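Just so you know, we're using UniProt numbering here: the sequence shown kicks off at 1 and counts up by one. Please read the structure below before turning to the comments.
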Amino acid sequence: MGKKVLRTKLCDILGIEYPILSAGMGPTLIGEKTGAPVELVVAVSEAGGLGVLGGSGFTVDELRVAIREIKAQTDKPYGVDLLLPPRLATRNAMGMEGIEELPLNRVIETLPEPHLKWFKKVVEEMGLPDVEVMLKMNTTTMRPKEAIQVCIEEKVPLFCAGLGNPGFMVEDAHAVGMKVLGITGNTKNGRRIAKSGADLLVAQGHEGGGHTGRIGTMALLPQVLDVVGSVPVLAAGGIGDGRGLAASLAMGCVGIWVGTRFLATDEGGALDVNKQRILDSTDEGTRVSTAYTGKTLRANYNKFHRIWDDSGLEPLPFPNQVLLSSALLWRFIEADKMDHVGGLAGQVSGLIHEIKPAKQVLDEMVEEAVDILTRKIPEEVIAK
1 MGKKVLRTKL CDILGIEYPI LSAGMGPTLI GEKTGAPVEL VVAVSEAGGL
51 GVLGGSGFTV DELRVAIREI KAQTDKPYGV DLLLPPRLAT RNAMGMEGIE
101 ELPLNRVIET LPEPHLKWFK KVVEEMGLPD VEVMLKMNTT TMRPKEAIQV
151 CIEEKVPLFC AGLGNPGFMV EDAHAVGMKV LGITGNTKNG RRIAKSGADL
201 LVAQGHEGGG HTGRIGTMAL LPQVLDVVGS VPVLAAGGIG DGRGLAASLA
251 MGCVGIWVGT RFLATDEGGA LDVNKQRILD STDEGTRVST AYTGKTLRAN
301 YNKFHRIWDD SGLEPLPFPN QVLLSSALLW RFIEADKMDH VGGLAGQVSG
351 LIHEIKPAKQ VLDEMVEEAV DILTRKIPEE VIAK
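See below:
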């Protein structure tokens, strides 16, 4: 049997074989680079899709190194995903000007009194150990403009804004031949990103892992497609096999943006405990919480969610909530309280029962989608 052919406009825009992108997943914890590492990016791109590096766990210098590692291992197109916070306290305002890294414990002491008091109460009541984790002040999230400049200098084929509107950088990106992608969970932001000049838009439904909105994928996609004009749209949220791919193309999307299914691969950067959580999960095994980043984020269900809900606190602005959650999660890990630790994952987890190579996942998606689009629909649907 010959190799399957599945091409859309997206393939022509990005110079890829199949309309499948791996999501640029970042880490749950400060001090980790889990999510979408170099190995996953290369595997997906070499298989004919486009792998996207989750850059939020890197320092600015480490980001450049990772990009060059990708370029050394593949000549296929790839992407880099960064978070673009709308507001970020300057290091000078935080009393940290000129400081490259600080103990996370020291930074925690600068948080608002109610949150600090709650943090200390949890540590004391659960008997959690002290953990030395260094907070780097030169991360891509703390220095987004410098990180963007690295992407431009390295001429990354595709820049992806996992959070925020990338419109302000489109002109500079296009000057070096770089395409720009934005992500939305509603029509309002979708329209805004499309008007800002982005080349591609991902519409991610509530089912998706990581930062996610309130609208389900099936309802979101047609509404976004209707308001963004000629900007091509990729589907995300609840897509983990060829059925989801075929449905997305039938809806009018040019491709898919896949997170959880690629996270649960040999090359995926999730912690082993989180990969196992995905395998063990049902369709109700995840939940959305502000506990991790201050923004709505879907992750494997664990007891940390309950502790945060019981606190009665409002989440801190991103990325300050990340400091608070990381300080606790590292202590849970050190204390071997793994029932309080969870990773980012979508509701599609209930479909995933095996850790496979990323290439096999992609190949099976394509084969199943082609089978549906060329054989099963004509056989099972009568249309006149």
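Beta carbons are placed, not taken as given, at the ideal position from N, Cα and C, and that holds for glycine. No experiment lies behind these values; they were computed from the predicted model shown.
Residue i (DSSP reduced to helix, strand or coil)
i	result
lysine 4	coil
glycine 55	helix
alanine 161	strand
threonine 286	strand
valine 341	coil
threonine 374	helix
arginine 261	helix
isoleucine 333	helix
isoleucine 20	strand
leucine 135	strand
proline 103	strand
aspartate 61	helix
residue 387	Since the first residue of the chain shown is 1 and the last is 384, residue 387 is not available in this structure.
residue 460	Look at the range of the chain in this structure, 1 to 384, and you will see that residue 460 is not part of it.
proline 112	coil
threonine 90	Here threonine 90 scores only 41 on pLDDT, less than 50, and its place in the model should not be relied on; the value that follows carries that caveat. Three-state DSSP puts threonine 90 in coil, outside helix and strand.
leucine 271	coil
glutamate 153	helix
methionine 25	coil
glycine 15	coil
alanine 43	helix
aspartate 130	coil
aspartate 280	helix
arginine 143	coil
glycine 350	helix
aspartate 363	helix
glycine 95	With a pLDDT of only 49 at glycine 95, under the threshold of 50, the placement of this residue in the model should not be trusted; the figure read from the coordinates follows. DSSP places glycine 95 in coil when its eight states are reduced to three.
isoleucine 67	helix
DSSP beta-bridge partners of residue i
i	result
valine 80	Leu53, Phe159
threonine 74	None, per the DSSP bridge assignment.
isoleucine 30	Beta-bridge pairing links isoleucine 30 to no other residue.
isoleucine 355	Per DSSP, none; premise fails for isoleucine 355.
glycine 255	Leu234
Same chain, Cβ closer than 7 Å to residue i, five either side skipped, listed in chain order
i	result
leucine 351	Gly240, Asp241
phenylalanine 318	Pro85, Thr293, Gly294, Lys295
aspartate 339	Asn302, Lys303
arginine 261	Gly240, Val348, Ile352, Val361
Sequence-distant residues of its chain with Cβ nearer than 6 Å to residue i (five each side left out)
i	result
alanine 175	none
serine 196	Asn165, Gly167
threonine 374	none
valine 180	Phe159, Pro166, Val170, Ala173, Ala198, Asp199
glycine 31	Val133
leucine 14	Leu50, Pro77
asparagine 105	none
Cβ shell of residue i (< 8 Å), same chain only, five flanking positions each side left out
i	result
alanine 93	Below a pLDDT of 50, predicted positions are generally treated as unreliable, and alanine 93, at 39, falls in that range; no measurement from the model is reported.
Whole runs of the alpha helix (DSSP H) within the segment 165–241, excluding any shorter than 4 residues: List check, alpha helix (DSSP H) in window: 170–175, 187–195, 217–227.
At least 3 beta-carbon pairs within less than 8 Å: the segment 303–321 vs the segment 268–286: The segment 303–321 is not in contact with the segment 268–286.
Beta strand (DSSP E) runs wholly inside the segment 286–326, at least 3 long, in chain order: Fully enclosed beta strand (DSSP E) runs of 3 or longer: 286–289, 297–300.
The segment 34–45 touching the segment 262–276, judged by at least three CB pairs closer than 8 Å: Short answer: they touch.
At least 3 beta-carbon pairs within less than 8 Å: the segment 217–234 vs the segment 336–347: With contact defined as three or more Cβ pairs closer than 8 Å, the segment 217–234 and the segment 336–347 are not in contact.
Sufficient close CB pairs (3 or more, under 8 Å) joining the segment 310–328 to the segment 356–373: Touching, no.
Segment contact, 8 Å Cβ cut-off, at least three pairs: the segment 246–255 with the segment 18–27: As far as the Cβ criterion goes, the segment 246–255 touches the segment 18–27, which means the pair count is three or higher.
Contact between the segment 226–235 and the segment 207–215 (3+ Cβ pairs under 8 Å): No: the two stretches stay apart, fewer than three of their Cβ pairs being nearer than 8 Å.
contact_flag[the segment 113–129, the segment 24–34] where n(CB pairs < 8 Å) is 3 or more: No, the segment 113–129 does not touch the segment 24–34.
Given 8 Å, three or more beta-carbon pairs between the segment 43–53 and the segment 125–145: Judged by Cβ distances under 8 Å, the segment 43–53 makes no contact with the segment 125–145, as fewer than three pairs qualify.
The segment 143–158 touching the segment 184–193, judged by at least three CB pairs closer than 8 Å: Verdict: no, contact absent.
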